[in-house]
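S.K.: Using this note's numbering, the first residue of the sequence shown is number 105, and each one after it goes up by one.
Idealized CB from N, CA, C, for every residue including glycine.
Keep in mind the model is a prediction, meaning the values are calculated, not measured.
Take this structure first; my questions come after.
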Amino acid sequence: MNTNLWLIFSFSFVVALSGALVPGPLLTYTILKTMQT
Numbered sequence: 105m106n107t108n109l110w111l112i113f114s115f116s117f118v119v120a121l122s123g124a125l126v127p128g129p130l131l132t133y134t135i136l137k138t139m140q141t
């Protein structure tokens, strides 16, 4: 149970980290697009 929890935590951390690095400009564009509408 504890190992599974750490597995989920580390996996979500890597996904969040890579997600923050890669589609940064895309996220900014999406936010600007929704603010205009």
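(1) Taking only the alpha-carbon atoms, compute the straight-line gap between P129 and T107 and give it to the nearest angstrom.
(2) Among residues of its own chain, excluding the 5 on either side of V118, which ones have a beta-carbon nearer than 8 Å to its beta-carbon?
(3) How many Å lie between S114 and T134 at the Cα?
M.R.: Reading from the atomic positions:
(1) 35 Å
(2) none
(3) 27 Å
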